[in-house]
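Structure record follows, encoded as structure tokens.
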Amino acid sequence: MKTIATLIFVLFIGVTAQAQTATEEVKVNTIEMTIVTETPIEEVSLESTLEVARLYKRDNARVTKALSFTTKRNKAKMA
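FYI, the numbering for the sequence shown is 165 to 243, going by the working numbering.
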């Protein structure tokens, strides 16, 4: 009896799913675009300023401290 009820339920769901009206397709407006064959060339002027990047090699530098942090779980445990 349970098998027959399950079969009828599955068939009922299948029939109602097929009976749904399909949604209409939405038409998309197309846009026509042209191909650009020439691009304007802009001249780039080079500046003659000299900039120097500094690297601090002290033990208490912020970057060194941030990169060498340790947590309590990093410590080795005795087995």
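Note that CB positions come from ideal geometry on N, CA and C, so glycine has one too.
Values in this document were obtained by computation on a predicted structure and should not be read as measured data.
Nonlocal neighbours in the same chain, by C-beta distance under 8 Å from residue i, ignoring five residues either side
i	result
threonine 201	none
Bounding residues of the alpha helix (DSSP H) (the contiguous stretch that carries residue i)
i	result
glutamine 182	166-182
Close-in-space but distant-in-sequence residues of the same chain around residue i (CB under 6 Å, 5 per side omitted)
i	result
threonine 180	none
arginine 237	none
Secondary structure of residue i, DSSP reduced to three states
i	result
alanine 230	helix
lysine 236	helix
Nonlocal neighbours in the same chain, by C-beta distance under 7 Å from residue i, ignoring five residues either side
i	result
lysine 247	Outside the displayed span of the chain (165 to 243) sits residue 247, for which this structure offers no information.
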